[in-house]
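First comes the structure, then the notes that go with it.
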Amino acid sequence: MAIASPARAATATATFTKTSTWDSGFQAQYTIKNTGTSPISGWTVEWDFPSGTSVGAYWDSLITQAPANHYTAKNREYNGSIAPGASATFGFVASGTGSPSGCKLDGGPCDGSSADSPPSAPGAPASAGVTATSISLTWAAATDDKGIRNYDVLRGGSVVGTVTGTSFTDTGLTADTPYTYTIRARDTAGQTGPASPATTIRTSGGGSDQPPGKPGTPAASEITNTSVKLTWSAATDDKGVKNYDVYRGATVATTVTGTTATVTGLTAGTDYTFTVRARDTADQVGPAGDPVTVRTTGGSTPGSFVKVGYFVQWGIYGRAYTIKSLDTTGAASKLTHLNYAFSNINPTDLTCMNGVTKATSPNPQDPNQGDGAGDSWADYEKGFSAGESVDGVGDTWDQPLAGNFNQLKKLKAKYPGLKATISVGGWTYSKYFSDAAKTDASRQKFVKSCVDMYIKGNLPVTNGRGGTGAAAGVFDGIDLDWEWPGAEGHPGNHVSPADKANLTLLCAEFRKQMDALSATTGKKYLLTAFTPADPAKVDAGWDITTKDGTPSVFDYMDFANVQGYDFHGAGSDNSWEPNRTGHQGNLYKDDQDPYSFHFSVDAAIQHYLGAGVDPRKLTVGLAFYGRGWQQVADGGVHGEWQSANGAAPGQFPEEAGTRGYANLIASVPMTVYHDEQSVATYGYSGANGQWWSFDDTWSIGKKTAWIKSKNLLGGMVWEMSGDTGTLMTALDSGLK
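Residue numbers (this note's numbering): 339 to 1074.
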């Protein structure tokens, strides 16, 4: 719930303007003008849109939506201060044709006139003490634009007391009897607001004495760098609740008699998990309520961006790219998140799988190519020498954790701000996702196995490595890479019409189990996903709509990495598009694109934003590799969208049609061209030669500027071994 600042009567105005319109929507802005004589240090604008009109992308404010058609915009850190006579603006893109109503600026009318609205409902009354003949109550204060005069306490609908504070003791009651209370606020103009939610409390004096029930899940508000206010619904007890213990992780942070608490002494920019337990008048403590995870402000500036990179397990072989390479190329100091690819799914147990070293079959059309495959030797068995190790210390024969996982743990120690997730699935390992997500029992089993193996670090013991807790602290969360729910992917993938609904339930189960673990550790765990650029694949398998009142995957995920590449390509076995070149990651639709479908980064992101997804939950994928064709006709356009004869030779014989960026630039003599209209980079070696599509510093510069203009969360890289530092530097510079 948004808490508005005190109204600045007749000292500021907020004016709405539609700056451009089209058939299905419009772009608009609000202008906040300080008409007073004192500086404004922060502002909040609220309004309602009619049904059918909704906000999509926005800028220069933080816009939230709750309830369905009510929007609240708060200033950013850089535009909250407005000098007398000066103005600030924020804007957004909306779908629909409606206009706003009920505009409020810091709780008052947007035109600056005086207003006097009734007070809000107070919080539900909670027991602060119970005897055989009395019940003491406390409640959260109501809000009002002019101020609260007093509160009426109602028992069973009748007023039994009027007080100026937020507590009251009702006396003369009967022992062992339930009483129901509500509270009503009255403002200084004598207006009475709505009643609070009702609370029923029983007096003591007879019968059994049971422990209290679970309190409600705490809601966070008034979050600062060092504190957070928590509010929850009261627990029930047959004799009355005496107080509540508020836990930060497994430690009691404070004890209060009401249903609100402010926890102080926190660290800026840090995740904290809180739970609440009730204690009754007999000092019996009940079960903990459900946890809530809150991030304090500060630590990073509003509008800062994430940089997510995929590290591939197999990079340590022919590519000679190790975890240490992330350090020596400078990438680790620039990344905020690292996704380790990939964990497979056990084909029989339908659990996260490790502890095996088995290669995939060489045939990409083999429907069983990834069944039972994995590489625990690379993950946590291989010993790295001192020269190969991040910290210069070689692995010993008897340590339980070695391999990439141990190097990743060392990398995180060197760069404490870096978060790591295990990516489950991928193109070759997504076959059994549908089965694992099929039922409530299978979802619980699958999620538990992933949390146990990768978050708790309980690795299978193999060749003397692994064991309980061996990989604890390596991973900070789970990245889901299901390619694709409800749609075709690798040959042989199991696909069901129920995949879309089951994926949402799977995300909910991941969030539930990871939050339960957070309640014991005090640490927030990430849930992210790799999601498609193709709108048809989104609609087939991903419930992203946040406006229909039903759960969305974004209710449970921290953010999604949207595919921004592989729009076109030949495929290593020429099974895809071998006969025509095409851009693999163009920002905008190319006017010369001859295909019946027209992929682009812009169209993909707009599909998400149009469904109501928060732009700060989306990153854009960037390709640190190229896709190429051979025997390409010039066509007078340097081979762009021209005929070809299959995939060009790749960096490795088994990977025709693909090369890492650094290898491509060093190995293929070609002229590099930049398509300004679609924002796409390509290279051509000449008539009947090779043609390659890839990202370079130019396209990354254009895309990062676009990411910032849309206020998206940042950029994602597939994958890190293709770069020696040039592209990562461009990404880092572009997102500053």
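Just so it is clear, CB atoms sit at the ideal spot from N, CA and C, and this is done for glycine as well.
{"Check": "Threshold first: 3 residues or longer. Then list the beta strand (DSSP E) segments lying entirely within the region 857 to 929, N to C.", "Outcome": "864 to 869 and 897 to 900"}
{"Check": "Determine, using beta carbons only, whether A432 and F364 come nearer to each other than 7 Å.", "Outcome": "yes"}
{"Check": "Consult DSSP for Q1028 and reduce its assignment to one of helix, strand or coil.", "Outcome": "strand"}
{"Check": "Where are the beta strand (DSSP E) runs, 3 residues long or more, that stay fully inside the region 812 to 852, in chain order?", "Outcome": "815 to 819"}
{"Check": "Can you tell me whether I793 is helix, strand or coil according to DSSP?", "Outcome": "helix"}
{"Check": "S505: which of N488, Y517 and G494 sits nearest, CA to CA?", "Outcome": "N488"}
{"Check": "Distance, Cα to Cα, A758 vs A670?", "Outcome": "11 Å"}
{"Check": "Under 8 Å: do the region 953 to 972 and the region 1021 to 1028 share three or more Cβ pairs, one atom per stretch?", "Outcome": "yes"}
{"Check": "Determine, using beta-carbon pairs with one atom in the region 974 to 986 and one in the region 942 to 949, whether at least three such pairs fall under 8 Å.", "Outcome": "no"}
{"Check": "If the criterion is Cβ atoms closer than 7 Å, does the pair G805 and V799 meet it?", "Outcome": "yes"}
{"Check": "To which residues of the same chain is L676 closer than 7 Å at the C-beta, ignoring the five residues directly before and after it?", "Outcome": "G647, F649, L756 and A758"}
{"Check": "Give the C-beta separation of D398 and N417 to the nearest angstrom, bearing in mind that I take them to be a contact with Cβ-Cβ under 8 Å.", "Outcome": "6 Å"}
{"Check": "Under 7 Å, do T674 and V644 count as touching if we go by C-beta distance?", "Outcome": "yes"}
{"Check": "Might you give, ordered along the chain, the residues of its own chain that have their beta carbon closer than 6 Å to the beta carbon of K371, omitting 5 neighbours on each side?", "Outcome": "T351 and S425"}
{"Check": "Let me make sure I understand the geometry here. Which of T526, D490, C441 and D508 has the alpha-carbon closest to that of D482?", "Outcome": "T526"}
{"Check": "Determine, using beta carbons only, whether V694 and L746 come nearer to each other than 7 Å.", "Outcome": "no"}
{"Check": "First and last residue of the alpha helix (DSSP H) that includes K752?", "Outcome": "G741 to K752"}
{"Check": "Mind listing, in chain order, the continuous beta strand (DSSP E) runs of no fewer than 3 residues lying wholly within the region 939 to 976?", "Outcome": "956 to 961 and 963 to 970"}
{"Check": "In angstroms with no decimal places, state the Cα-to-Cα distance between N413 and M852.", "Outcome": "32 Å"}
{"Check": "For S856, which residues of its own chain have a beta-carbon under 7 Å away from its beta-carbon, when the five flanking residues on both sides are left out?", "Outcome": "T611, P629, T631, K862 and Y863"}
{"Check": "Entirely within the region 411 to 446 and at least 3 residues each: give me those beta strand (DSSP E) ranges in chain order.", "Outcome": "425 to 433 and 439 to 443"}
{"Check": "A986 bridges to which residues according to DSSP?", "Outcome": "According to DSSP, A986 bridges with nothing at all."}
{"Check": "The beta strand (DSSP E) that contains M1054, what's its start and end?", "Outcome": "G1052 to W1056"}
{"Check": "Go ahead and pull the three-state DSSP assignment for A459.", "Outcome": "coil"}
{"Check": "What does K567 pair with, by DSSP beta-bridge criteria?", "Outcome": "S559 and T600"}
{"Check": "Is DSSP giving L400 helix, strand or coil here?", "Outcome": "strand"}
{"Check": "Excluding sequence positions up to five away, which residues of its chain have a Cβ less than 7 Å from the Cβ of Y655?", "Outcome": "none"}
{"Check": "Can you give me the C-alpha to C-alpha distance between D893 and N899, rounded to a whole angstrom?", "Outcome": "15 Å"}
{"Check": "Using alpha carbons as the reference points, say which of N706, T686, G423 and D575 lies closest to K783.", "Outcome": "T686"}
{"Check": "Can you tell me whether V694 is helix, strand or coil according to DSSP?", "Outcome": "coil"}
{"Check": "Are three or more beta carbon pairs between the region 1031 to 1038 and the region 954 to 969 nearer than 8 Å?", "Outcome": "yes"}
{"Check": "Check V731 in the structure and name its three-state DSSP category.", "Outcome": "coil"}
{"Check": "Determine the DSSP secondary structure at D386, reduced to helix, strand or coil.", "Outcome": "strand"}
{"Check": "Pick out the complete beta strand (DSSP E) segments inside the region 641 to 711, 3 residues or longer, and give them in chain order.", "Outcome": "644 to 650 and 675 to 683"}
{"Check": "For G578 and K552, what's the separation of their Cα atoms in angstroms?", "Outcome": "13 Å"}
{"Check": "Our contact map puts E821 next to G902 with C-beta atoms below 8 Å; I'd like the distance itself, whole angstroms only.", "Outcome": "Their Cβ separation, rounded to whole angstroms, is 15 Å, which puts E821 and G902 out of contact at 8 Å."}
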